[in-house]
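Here is the structure we will look at.
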Amino acid sequence: MKEKKIPLRRCVVTGERCEKQSLIRIVRTPEGSTIIDPTGKANGRGAYLKKDKDVILKAKRTKILEKHLETSIDDSIYTMLLELVQNDKQ
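Here the sequence shown stands for residues 645 to 734, numbered as in the working numbering.
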């Protein structure tokens, strides 16, 4: 039986290639809004972040998501990302 291929994606902060389940996808929709995509299937330009508090804080500090998604990111997105990581570890 053939093994199923595990999709790998690159974290925009660390540059690591990880399984999709260990990453969070942030999407700039065609309408121009920025959302967190828990399904990984939302339409729009996406960027992946590792599910790690330090990585999220570094993304906020360096504004790397704004560069990748080519839009401004509201602080509420970073707050929601940090809550997701906190809830995921519990």
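C-beta atoms are modelled at their ideal positions from N, C-alpha and C, and glycine is treated no differently.
Model, not experiment: these values are computed from the prediction.
In terms of residue numbering, what span does the alpha helix (DSSP H) encompassing residue i cover?
| i | result |
| --- | --- |
| aspartate 719 | 719 to 733 |
| aspartate 698 | 697 to 706 |
Leaving out five residues on either side along the sequence, give the residues of the same chain with a beta carbon under 7 Å from the beta carbon of residue i.
| i | result |
| --- | --- |
| glycine 688 | Val671, Arg672, Thr673, Pro674 |
| glycine 676 | Thr715 |
With distances taken Cα to Cα, identify the nearest neighbour of residue i among the options.
| i | options | result |
| --- | --- | --- |
| valine 729 | Val699, Lys648, Lys664 | Val699 |
| lysine 733 | Thr715, Thr723, Asp696, Lys702 | Asp696 |
| valine 657 | Met645, Ala691, Lys664 | Ala691 |
| lysine 649 | Lys664, Glu660, Gly659, Cys655 | Lys664 |
Need the endpoints of the beta strand (DSSP E) that residue i sits in, please.
| i | result |
| --- | --- |
| isoleucine 650 | It is not in any beta strand (DSSP E) - isoleucine 650 carries neither H nor E in the DSSP assignment. |
| alanine 691 | 689 to 694 |
Which residues in the same chain have their Cβ closer than 8 Å to the Cβ of residue i, if we skip the five residues on either side of it in sequence?
| i | result |
| --- | --- |
| serine 666 | Lys694, Lys695 |
Is DSSP giving residue i helix, strand or coil here?
| i | result |
| --- | --- |
| glutamate 710 | helix |
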